[in-house]
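Per the numbering used here, the sequence shown starts with residue 201, numbered consecutively. Notes for the one structure printed next.
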Amino acid sequence: MSIKKKPARPTSYVALDETSRALMDSSVESAFVMDVSGYVLAANKAAEKLFDLQPGQTLQQSNIYELLPHKAAASRKAKIEEAIQDVRSVRFEEEIDGRSLVHSIVPVANPWGEVARLAVHTLDLTTLRRTDEDLRREQQRQIFFMESLPGIVYHLYPDQTIRYANRYFRRYFGSPKNKTCREALDCSSASCEACPPMVAMNDDRAVEWDWTDSRGRTFHLQCSPMTDSAGERMIMVLGIDITARQRAEDALKLAHDKLEDRVMKRTKELEETNRQLTNKSTRLITAMGKADSATRAKSIFLANMSHEIRTPLNAILGMSELALTKNDPESKDMYLKRVMEAGNSLLSIINDILDFSKIEAHKLSLESIDFDVRRTIAATIDLHTLWATEKGLALTSSVDPSVPPALQGDPSRLRQILTNLVSNAIKFTKHGQVHIGVMARKDCLDTPPGTPVTLEFTVEDTGVGIPLDKQETIFDSFLQADDSITRKHGGTGLGLAICQLLVTLMGGTLSLKSNEDAGSTFSFTAQLRTGSPEAIDPPEQVGTPLPIPKIPTLKVLLADDNPLNRELAGTLLTEHGHTVTAVTNGIQALEALKDKRFDMVLMDVQMPIMDGISATRAIRAPQSGVLDPNVPILALTAHALKGDRERFLDAGMDDYIAKPITMNSFYTAIARNVGEKTAKASPASSKGNAPRDNGQPYDRDTALERLGGQEGLLTRMDTIFLRDIPAEMKELTQAFEKREWDTATRLAHSIKGSSRTVGALKAGAIAEQLEYLCRHQDASSGMKELKNLESEIRSALQYVNLTHGST
């Protein structure tokens, strides 16, 4: 058996001169000389460091194959043998223990061509390779950072091409590939050389500027010159979209300018206001005094009003009680007359308050009719003659011949002014006379009708007079001359204030001349026009009762929640042979009209559950279920302000009777509407804003018209109706049974709207009535309407399903 011998260790080392040794040691790279067996003959310090020798161990005379790992030793030996055999340099790379090494093996041959030694040079690239990898990763991070920036980033080169653009740039401007900077950015600049990025490149300095593109968006751009990885100079441009900020700044600047203007204007206004406040400071003290006086006056007025209202009310209650205890017709009639007188007195007080309120609210307008002022004066005299006679006063009048026989104006308001002034004169005059005088400012006897004329009226008395310090305040609201006179003579304190306001409406002025204990003279002017004597109505016969118009026997439905009002109206009707059915609210009126036909409905406006206006609108709807939607409806109301009549007629009522009811106005209104009944051929929709439906339970044409003629949209509404209404009806029934009124009201409202949308008008009308009943928590009436709605909804579902299937 042969034994493989280990290569002999050399007994000598390579002799190097000082220069060669210094050259080897000065190299930062590993360099050593070895023989063909692998023993190191000479090595520098870098070589010793490369092999990581143990302490006390030297590389010289060591075998490199023993210092290397087994796999690396075999690879190294193969490369060395290759260099020896081919007698040429061998260069290769290898990885040892995580280090990247580049070796260069140079064989050294003797004169005979035999290789006896080898020079090995090793370059450690580990640090360099790691640095390159770190640099590559850093570049990737930078690219990722630039791709994710919320702004544009691009690299601009001297040839005006963009070789890199981030995602934001590409999304907004598109890909810059094969495009110049101008093409990619759609730039409208006249000179590229003057463009800031090119200036930054030419001057090799950073530049910033704001640039607005062709779409109107503004970017703040930062241009930084740098060198790319290939060593080529370029400009990196970073841009942030500042459009919103720019607009905000512009808006802020505009607002700032406007604010400065407003501040300047306001400053001037404040200066003016300050000046005015300075001038008004003394007047404010006076105004405060007047306000305190007005407050005290109102307190006095309320005390007076309580007395004035309670006095006739006490007479009404007391005389009524006495009349009930008397069986003697004569005594009973006397007491009832006193009740009537007290009632009229109370009505006069209420009218004064209402007149004042209407005038102050600008809701009172004057009529313009032809009248005879002499007749107006005579009526005023007749009204006060008895009172003046009882006090022993002479009540006289005079009308100047220059006053035309016919005038155009409001005689009732003129008579109201005169009545107030004459009443005051008689009230505050113990003896002597009261005189009414009328004269024209200029002769208008021969002027044509319509010519403006100014009349001057005077009411002169010989009474107690008015102190000078009280004359400026007696025309104020709620005030009288003094408390003692108020207690002695009574009154609301509104008479002269109403006169003042009415005279102002007539374009005139009211004045006073008076001395204490020497009488008073009130004068006022009125702007009127000359009229036509032929247009004046003939005078009524005084004392002759107005005849009650003849009315055919009627079946009347009376809706009023007040028992006394029902008793009064019912008595007035039954005494003349009419049949009366009385109910107490609008819902009951609806139910009665569904069960029976009536010739007329007297409808109170204010009632519980459902008021008269809502009930009228429901009756006029052809889908309400009433037998005659066109039945005449007359309002019974205490609302007598301007606009009330129009409001009632707009709701569908035919006429109205104002409370308190008087026999003549009551029968006249009924006769007027019964007479018109036979001539009415138009449907209820002609009354005001009443519904314009045709009375059919379904109206698909109107439903389609409301949806703009879009049949596809109506089809979708049908689908939703068929899908949702059964569930909503079930929920409505459950909510009604549980008395969950809010839920029931909401569901009834929803069903109402859905039904009318698809043309189921009758179902919508019943749902509307049920909604009203649920809102007022009327369980008994609501149950009946709920059953009607369930039946109508079943029919509507069948109808819509059939119609929907055919479209």
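The beta-carbon is built from N, C-alpha and C at its ideal position, and this holds for glycine as well.
Integer Cβ distance of residue i from residue j, believed to fall under 8 angstroms
i	j	result
valine 1000	leucine 913	With 8 angstroms as the limit, valine 1000 and leucine 913 do not qualify as a contact, their Cβ atoms being about 15 angstroms apart.
leucine 655	threonine 725	7 angstroms
alanine 588	isoleucine 626	6 angstroms
proline 649	threonine 730	5 angstroms
glutamine 360	cysteine 381	5 angstroms
glutamate 992	isoleucine 966	6 angstroms
alanine 871	isoleucine 751	5 angstroms
proline 376	alanine 365	5 angstroms
isoleucine 636	isoleucine 577	6 angstroms
arginine 417	aspartate 450	Going by Cβ atoms, the distance from arginine 417 to aspartate 450 rounds to 14 angstroms, so no, they are not a contact pair.
Within 8 angstroms, strictly: CB atoms of residue i and residue j
i	j	result
leucine 793	leucine 757	yes
histidine 631	glycine 592	yes
methionine 800	asparagine 873	yes
valine 240	glutamine 257	no
proline 699	leucine 712	The question names proline, but residue 699 in the sequence shown is cysteine. For cysteine 699 and leucine 712, no; Cβs fall outside 8 angstroms.
methionine 170	valine 320	This structure does not reach residue 170, given that the chain is present from 201 up to 1007, and the question cannot be answered.
arginine 916	glycine 959	no
tyrosine 856	leucine 834	yes
leucine 318	alanine 283	yes
proline 738	alanine 606	no
alanine 246	serine 220	no
methionine 434	tyrosine 357	yes
lysine 279	isoleucine 305	yes
valine 638	valine 703	no
leucine 267	phenylalanine 251	yes
Counted within 10 angstroms of its Cβ, other Cβ atoms place residue i as buried (16 or more) or exposed
i	result
lysine 490	exposed
phenylalanine 344	exposed
histidine 270	exposed
leucine 595	buried
leucine 385	buried
valine 463	exposed
serine 289	exposed
serine 568	exposed
cysteine 392	exposed
isoleucine 550	exposed
glycine 909	exposed
lysine 634	Correcting the residue type first, residue 634 is valine in the shown sequence and not lysine. Buried is the call here.
asparagine 474	exposed
serine 414	exposed
glycine 812	buried
leucine 728	buried
leucine 1055	Because the chain is modelled from 201 through 1007, residue 1055 falls outside the range shown and cannot be assessed.
glutamate 968	buried
serine 981	buried
Residues bridged to residue i (per DSSP)
i	result
methionine 234	Val240, Leu318
valine 407	Cys423
alanine 835	Met803, Tyr856
glutamine 633	Ala594
aspartate 324	Leu301
glycine 650	DSSP output for glycine 650 lists no bridge partner at all.
methionine 706	Looking at the DSSP assignment, methionine 706 forms no beta bridge with any residue, so it has no partner.
lysine 377	According to DSSP, which records beta bridges pairwise, lysine 377 is partnered with nothing at all.
alanine 640	Leu655
leucine 566	None; leucine 566 has no bridge partner.
glutamate 347	BP columns for glutamate 347 are empty, so no partner.
leucine 661	Position check: residue 661 holds aspartate in this sequence, whereas leucine was assumed. Note: aspartate 661 sits in a beta bridge opposite Val634, Ser720.
lysine 713	Thr721
glycine 256	Per DSSP, none; premise fails for glycine 256.
glycine 439	Ile352, Leu421
leucine 728	Val653
valine 780	Val756
tyrosine 368	Paired residue(s): none; tyrosine 368 is not in a bridge.
phenylalanine 571	Leu607
alanine 735	Alanine 735 pairs with nothing; no bridge assigned.
asparagine 527	In DSSP, asparagine 527 forms no bridge with anything.
methionine 434	Met426
threonine 361	Thr380
isoleucine 296	Arg299
Proximity test, Cβ basis, 8 angstroms: residue i and chain D
i	result
histidine 584	In the structure shown, chain D does not exist; there is a single protein chain.
>> Which complete beta strand (DSSP E) runs does the stretch 948-1006 hold, if anything under 3 residues is left out?
In response: none
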